[in-house]
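Peer 1: Right, I'll just put the structure down here and ask away after.
Residue numbers (our numbering), protein chains in the order written: chain A, -8 to 172; chain B, -8 to 172; chain C, 456 to 711.
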């Protein structure tokens, strides 16, 4: 596996794997393509190499919680939106607050979300988040009614392009603070 | 739109469009990204340019009836299969007998296949073989009902790794006298 | 520290004396995610300290808005009314007379301050609102970018793993079955190569009315090819699959 021709082929395979994948691919998955005949470290080196090539294009190769994936750079979205005309709906404040609460306070029940927001939860907000596969039920809480416990999914992390919940912006502290105009 | 910087950006946009599209993109659709400020002929030139770059990768940029699409070259399929652990389908006894009879006795009608197997032909067996593009209709037989004549295709030969039907193992011949007892 | 965000600044003032259309009030109400949101707005609007809300002032304002909504029959969510009740309860508790020397201690003891629970809720909700704003700024799939999505060239759909020898084995089984179950059935002896030539000839004929005899033969393939082709044509004629006819200088094959 040392000569140049082989190296070119390995790189071609890795690029094809990354560009055709429907979900993030881990280095270990890519190694399967070569029946583990190619070192993990070499695969990682080539991925790094590809990410540098993409930096000169409109693409970026990013690392997610469970592998690597290629996406368009944010600044190219304006062009893409002109082609597809129908813009994906920007989520309402209500949906965004709900996913934020779930992200930061998970695992959490619907009742607890309502408690924080001070309003009854619109069931279509929760449904939208389920449909997007951003949240899932991970159990039930041992209280009367055994309400479901909600948590965010890996897809939520992937779609936001982050590896773990720890990468979310830190929750602000509001000690002694004025709420400023 | 003539200086180099602009050209690089136009090419980046076109590549992003092609690599992220769900379906083939026409030159006119791509022109929408630039609000038609870029000439169709320039877009076509850049697409040609990209197709040459892809030729050195594991990719190909192909032209379909309704636009351009980037896809992996067919020879990379084996690598992808290893990652996704695609297993070859297993055909039932009925399908295997049917393709064997067609291979050795072509051209042959459904009725003749039934006669040899002694059972009614399951139409889904035949359909599976059509879907696989292993058999085709090459004419009709001049008997009542004008039944279709079935024969194997070149794809069948390819998938079995042989060049001609003559490479099939010779089948045992049995004296008529013996059969007639 | 970010300011509380309110969507539409233009609509934030609610004139007290003028008539306001129900539609305008409805839109005003829809700007808020609930009573906590409305309260935060009122606090922000007057630049008050969230930790020491002058509860009487805020309660009066809140009730003013709620009443305005109620008088023109805007459906108010139960939560808004419930918050009004809470605010009034806090206000009345604060107004209760206390023994004078105990009053300061009473209010400094946060556990006893009736505002405490509400303030905590407001702070918690304000944090979530700010976190929501930060989260909304993270690039999101479909809105800020798209994944690469190229097609896999798939003849891919891999074929069953069948080898030529498998066909021979299966043929043997069919034959055996045929001999034991159906002794009257004749299995004709036939060269495979001839069957293949028959198929190829029919394929050449398909879609055409006729082809010439000569066009069947590939001169480069030698004598055996010509002989086998010839036998195949005879066999096709015998089986009634094609008809032969003569023209001036060639034999014509006609599809049946």
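C-beta: ideal position from N, C-alpha, C; glycine also. As the structure is a computational prediction, the values presented were derived from the model and not from experiment.
Check the C-beta distance from residue 155 of chain B over to residue 651 of chain C and give it rounded, since I have them as a contact under 8 angstroms.
Peer 2: At roughly 7 angstroms, the Cβ-Cβ gap stays under 8 angstroms, so residue 155 of chain B and residue 651 of chain C are in contact.
Peer 1: Does the distance from the CB of residue 490 of chain C to the CB of residue 520 of chain C come in under 8 angstroms?
Peer 2: Not in contact: residue 490 of chain C and residue 520 of chain C (Cβ atoms no closer than 8 angstroms).
Peer 1: By the DSSP assignment, the alpha helix (DSSP H) with residue 669 of chain C in it spans what residues?
Peer 2: Run containing residue 669 of chain C: none; DSSP gives neither H nor E here.
Peer 1: Would you say residue 517 of chain C faces chain A, with C-beta separation under 8 angstroms as the test?
Peer 2: No, its Cβ sits nowhere closer than 8 angstroms to a Cβ of chain A.
Peer 1: Starting from residue 710 of chain C, follow the beta strand (DSSP E) in both directions and report where the run begins and ends.
Peer 2: Run containing residue 710 of chain C: 706 to 710, per the beta strand (DSSP E) assignment.
Peer 1: Could you work out which residues of chain A lie near residue 6 of chain B, taking near to mean beta carbons separated by less than 8 angstroms?
Peer 2: Correct list: 48, 49, 50.
Peer 1: Does DSSP put residue 602 of chain C in a helix, in a strand, or in coil?
Peer 2: Strand.
Peer 1: Less than 8 angstroms between C-beta atoms, sequence neighbours within five positions excluded: which residues of the same chain meet that for residue 643 of chain C?
Peer 2: With a pLDDT of 46 at residue 643 of chain C, under the threshold of 50, the predicted position of this residue should be treated as unreliable, though the coordinate-derived value follows. No residues qualify anywhere along the chain.
Peer 1: For residue 146 of chain B, which option in B/140, B/132, B/127 has the closest C-alpha, if you only look at C-alpha atoms?
Peer 2: Comparing Cα-Cα distances from residue 146 of chain B to each of B/140, B/132, B/127, the minimum goes to B/127.
Peer 1: Under 8 angstroms between the Cβ atoms of residue 140 of chain A and residue 93 of chain A?
Peer 2: No, the pair does not count as a contact, with Cβ atoms beyond the cut-off.
Peer 1: Expressed to the nearest angstrom, what Euclidean distance is found between the alpha-carbon atoms of residue 4 of chain B and residue 599 of chain C?
Peer 2: Those two C-alpha atoms are separated by around 15 angstroms.
Peer 1: Any heavy atom of the ligand SAH within a distance shorter than 7 angstroms of the CB on residue 590 of chain C?
Peer 2: This structure simply doesn't include the ligand SAH, nor any ligand for that matter.
Peer 1: Please list, in chain order, the chain B residues whose beta carbon lies closer than 7 angstroms to that of residue 594 of chain C.
Peer 2: Within 7 angstroms Cβ-Cβ: nothing; residue 594 of chain C doesn't reach chain B, min ~14 angstroms.
Peer 1: With a threshold of 8 angstroms between beta carbons, is residue 640 of chain C in contact with chain A?
Peer 2: Residue confidence for residue 640 of chain C is low, a pLDDT of 45 falling below 50, so the modelled location carries little weight and cannot support an answer.
Peer 1: Looking only at its chain, what residues have a beta carbon closer than 8 angstroms to the beta carbon of residue 707 of chain C, apart from the 5 residues adjacent to it on each side?
Peer 2: Taken in chain order, the residues that qualify are 665, 666, 667, 668, 699, 700, 701.
Peer 1: Less than 7 angstroms between C-beta atoms, sequence neighbours within five positions excluded: which residues of the same chain meet that for residue 539 of chain C?
Peer 2: Within the same chain, residue 539 of chain C has close Cβ partners 517, 518, 521.
Peer 1: For residue 56 of chain A, which beta-bridge partners are listed by DSSP?
Peer 2: DSSP output for residue 56 of chain A lists no bridge partner at all.
Peer 1: Tell me, please, whether the CB atom of residue 613 of chain C is closer than 8 angstroms to any CB atom in chain B?
Peer 2: With 8 angstroms as the cut-off, residue 613 of chain C counts as an interface residue toward chain B.
Peer 1: For residue 100 of chain A and residue 106 of chain A, I'd like the C-alpha separation in whole angstroms.
Peer 2: Cα-Cα distance, rounded: 10 angstroms.
Peer 1: With 8 angstroms as the C-beta to C-beta threshold (strictly closer), list the residues of the stretch 13 to 32 of chain B near chain A in chain order.
Peer 2: Correct list: 16, 20, 21, 23, 24, 25, 26.
Peer 1: List the DSSP bridge partners of residue 130 of chain A.
Peer 2: DSSP output for residue 130 of chain A lists A/140 as bridge partner(s).
Peer 1: Would you please verify whether the beta carbon of residue 63 of chain A is less than 8 angstroms from any beta carbon of chain B?
Peer 2: At least one chain B Cβ lies under 8 angstroms of residue 63 of chain A.
Peer 1: Give the straight-line distance between the Cα atoms of residue 144 of chain B and residue 95 of chain B, rounded to the nearest whole angstrom.
Peer 2: The straight-line gap from Cα to Cα measures roughly 13 angstroms.
Peer 1: Measuring CB atoms only, is the stretch 653 to 663 of chain C touching the stretch 623 to 633 of chain C, in the sense that at least three cross pairs come out at less than 8 angstroms?
Peer 2: Counting Cβ pairs under 8 angstroms, fewer than three are found: no touch.
Peer 1: Identify whether residue 62 of chain A lies in helix, strand or coil by the three-state DSSP scheme.
Peer 2: If DSSP states are grouped into helix, strand and coil, residue 62 of chain A belongs with the strands.
Peer 1: In chain order, what residues of the same chain lie with their CB nearer than 7 angstroms to the CB of residue 8 of chain B, ignoring the 5 residues before and after it?
Peer 2: Closer than 7 angstroms at the Cβ level, and outside the excluded window around residue 8 of chain B, lie 16, 21, 24.
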